[in-house]
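Step one of this worksheet: look at the structure below.
Structure (structure tokens):
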């Protein structure tokens with residue numbers, strides 16, 4: 003179902019909806035709680051317990067996924083903003099890794115070997 007609201011009306015609608023304030027206030031509380039749990043586990047050297055804590059990314063995407071479909075355009079925009087940094091980081095990390103590898107054994111490394119090293 004497509005929304006017939008103008009962009010201004012949509013923004014006003016977003017500001018006044020309890021859905022938005024409640025959902026993201028709850029998300030903020032969960033994220034703060036997770037941070038406290040992580041700090042407690044680290045302080046007590048419970049490294050395996052850290053793996054059991056839910057991932058922050060999963061909670062954030064879960065909050066956005068739970069919004070009604072009438073906000074699909076806003077959700078798409080949020081997904082774009084949320085994923086751009088992770089994908090950029092992966093790219094930069096791969097190039098940094100490749101540069102370090104190439105510097106160490108530059109004379110022996112071919113493009114084929116570079117590809118193999120990056121895959122491992």
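Numbering (the working numbering), first residue to last: 3 to 122.
We treat Cβ as the ideally placed atom computed from N, Cα and C, and that holds for glycine.
No experiment lies behind these values; they were computed from the predicted model shown.
| Asked | Found |
| --- | --- |
| Chain-order list of residues whose beta-carbon lies under 7 Å from that of residue 43 (same chain, five-residue window excluded) | 51 and 52 |
| Whole alpha helix (DSSP H) elements within the region 19-77, 4-residue minimum | 20-45, 49-52 and 58-67 |
| Same chain only: Cβ atoms within 8 Å of residue 56, ignoring 5 sequence neighbours per side | 36 |
| C-beta neighbour in chain B for residue 54, strict 7 Å | Of the protein chains in the structure, only one exists, and it is not chain B. |
| Closest residue to residue 65 among 72, 77 and 48 (Cα-Cα distance) | 77 |
| Alpha-carbon to alpha-carbon, residue 30 and residue 24 | 10 Å |
| Buried versus exposed, by CB contacts within 10 Å (16 or more), residue 81 | exposed |
| Three-state class that DSSP yields for residue 112 in the structure shown | coil |
| Residue 46 versus residue 40: straight-line alpha-carbon distance, rounded | 10 Å |
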